[in-house]
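Below: the structure, in structure tokens.
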Amino acid sequence: MQQANPTSTQALPADWRDFFALTKPRVMTLVIFTGLCGLLAAPGSIHPVIGFTAIFCIAIGAGGAAALNQWWEADLDAGMKRTSARPLPAGRMQRTDARDFGILLSAASVGVMGLAVGWLAAGILAVSIVYYAVVYTIWLKPRTPQNIVIGGGAGAFPPMIGWIAVTGDITLMPVLLFAIIFMWTPPHFWALALFVQSDYAKVGIPMMPVVKGEASTRKQIFVYSVLLVPLAATPWFIGGTTAVYGITALALSLMFLALAIPVSFRRSVEGDTMKPEKRLFAFSIIYLFALFTALVADRLAFYQGFIA
Amino acid sequence: MTPEEQEEITKRRKGRNIAVGAVLLFFVVLFYAITIVRMGD
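In structure tokens form, the structure reads like this:
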């Protein structure tokens, strides 16, 4: 704790709102949603208090990883318009405070998850935090244009952890949920990267459109979108869900592909409005929400006996 | 240090204290609930 010393020239203590901002609350809402869907779609039951604790721990873990990410990237964030107002680059907080806060949140989330829910879910939560903060942020993001593919792995953990919190073991289904988000992330993010002028290049982060060019990025969007079609429906193929989810997943993925095709096979021109890219990006968000909602609806309908 | 700065420090410290207090209270309630539920297992 800092002492109130009227003669020192120390910086002001940081506002609690800046600590809150460090956890990236907006990203956390998506983490909570997908984690909750994994939890609700899993077979078996979980006591509401334990279920709440599991989702809470996933959210706190994501917040801790986000704080560590911003501690490490404070200098990069300072050089980019979108991120320069964050607590660290704006100078509203000590760097070490952000680091310690991130470690505290991460450790607390894993500890509480282990004690209240189970150590398998806690272990995977720990892996996901280390994966995002160390493997992605520190190691690979500044080194390879495949960084988004790798970062997608971090975002794919929450539904898997939610599922395992209920079942206590790793089966094919939670791994499939992981794989679906993993496959979805590159076309989702690269569609955005194509139409948003970012200054990642300025701070030395090798994003795909900058390193490999627009044409290559578009081709890769196509490949991931094609692969997403059978993958998203695999839970149905293996009998993990009924046709309610299966047909919805196929319809959504084909629509995703239909929007990805114009993006994949065109080139932007001077003064391009980038309509197809914007449309694909907007739909990609709806896609994920709808897909996971369908998964939960499928499970609930099955349990209620609406479908055999 | 000017009186304004002193006032700002006091204000922020108070805000942080309230935030930490609220978090602690939340954890007390959460751990109580978890304990009760797990004792029933």
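Residue numbers (this note's numbering), protein chains in the order written: chain A, 1 to 308; chain B, 1001 to 1041.
Just so it is clear, CB atoms sit at the ideal spot from N, CA and C, and this is done for glycine as well.
Treat the numbers as computed from the prediction; the structure is a model and nothing was measured.
Please check the pair residue i and residue j, which I expect to be a contact at CB under 8 Å, by giving their CB distance rounded to whole angstroms.
| i | j | result |
| --- | --- | --- |
| A/V134 | A/T53 | Wrong, their Cβ atoms sit about 25 Å apart, outside the cutoff. |
| A/T144 | A/P186 | The Cβ separation is near 13 Å, so there is no contact. |
| A/T217 | A/P209 | 5 Å |
| A/L192 | A/M274 | So it is not a contact: roughly 10 Å between Cβ atoms. |
| A/I161 | A/A121 | 6 Å |
| A/A154 | A/F178 | Incorrect: roughly 11 Å between the Cβ atoms, too far for contact. |
In three-state DSSP terms, what is residue i?
| i | result |
| --- | --- |
| A/Y200 | coil |
| A/D75 | helix |
| A/E270 | coil |
| A/D97 | helix |
| A/I46 | coil |
| B/G1040 | coil |
| A/P158 | helix |
| A/G102 | helix |
| A/Q146 | coil |
| A/V27 | helix |
| A/T7 | The predicted position of A/T7 is uncertain, since its pLDDT is 42 and thus under 50; a value taken from the coordinates is nonetheless stated next. If DSSP states are grouped into helix, strand and coil, A/T7 belongs with coil. |
| A/S344 | There is no way to answer for residue 344 of chain A, as the model of chain A reaches only from 1 to 308. |
| A/F292 | helix |
| A/D15 | coil |
| B/T1035 | helix |
| A/Q2 | For A/Q2, the predicted structure reports a pLDDT of 48, less than 50, and the residue's modelled location is therefore unreliable. A value from the coordinates is still provided. A/Q2 falls in the coil class under three-state DSSP. |
| A/A67 | helix |
| A/P89 | coil |
| A/M173 | helix |
| A/S253 | helix |
| A/F52 | helix |
| A/T185 | helix |
| A/M113 | helix |
| A/P262 | helix |
| A/L22 | coil |
| A/P209 | helix |
| B/K1014 | helix |
| A/F178 | helix |
| B/I1009 | helix |
On a Cα-Cα basis, can you pick out the residue from the options that is closest to residue i?
| i | options | result |
| --- | --- | --- |
| A/D97 | A/W16, A/C57, A/F281 | A/W16 |
| A/I129 | A/V117, A/L22, A/A67 | A/A67 |
| A/A243 | A/I138, A/P48, A/D298, A/L280 | A/D298 |
| B/I1036 | A/C37, A/L39, A/P48, A/G213 | A/P48 |
| A/G38 | A/A301, A/F306, A/W184, A/V296 | A/V296 |
| A/S225 | A/G240, A/S253, A/D199 | A/S253 |
| A/T167 | A/V31, A/G51, A/L300, A/Y303 | A/G51 |
| A/S109 | A/K81, A/W139, A/N69, A/A62 | A/A62 |
| A/P159 | A/I286, A/A41, A/T23, A/V27 | A/A41 |
| A/V31 | A/S45, A/F19, A/A65 | A/A65 |
| A/A233 | A/Q220, A/T248, A/K81 | A/T248 |
| A/W163 | A/L115, A/G35, A/P142, A/F19 | A/G35 |
| A/E277 | A/F256, A/G152, A/L288 | A/F256 |
| B/V1023 | A/K24, A/M28, A/F56 | A/F56 |
| A/K366 | A/S198, A/I170, A/S264, A/T29 | With chain A running from 1 to 308 in the structure shown, residue 366 of chain A is simply not present. |
| A/R266 | A/I221, A/F302, A/A251, A/W236 | A/I221 |
| A/A59 | A/W72, A/F19, A/P25 | A/P25 |
Buried or exposed, going by whether 16 or more other CB atoms sit within 10 Å of the CB of residue i?
| i | result |
| --- | --- |
| B/V1020 | exposed |
| A/D77 | buried |
| B/N1017 | exposed |
| A/Y132 | buried |
| A/M183 | buried |
| B/T1010 | exposed |
| A/G213 | exposed |
| A/P43 | exposed |
| B/P1003 | exposed |
| A/A11 | exposed |
| A/K81 | exposed |
| A/L172 | exposed |
| B/Y1032 | exposed |
| A/I285 | exposed |
| A/S45 | exposed |
| A/I238 | exposed |
| A/P87 | buried |
| B/F1027 | exposed |
| A/Q304 | exposed |
| A/V149 | buried |
| A/Q70 | buried |
| A/G271 | exposed |
| A/A14 | buried |
| A/F101 | buried |
| A/P6 | For A/P6, the predicted structure reports a pLDDT of 44, less than 50, and the residue's modelled location is therefore unreliable. The matter cannot be settled from this model. |
Consider the C-beta atom of residue i and the heavy atoms of the ligand FMN; say whether any pair is separated by less than 7 Å.
| i | result |
| --- | --- |
| A/N69 | Looking at this structure, you won't find the ligand FMN or any other ligand, since it has none at all. |
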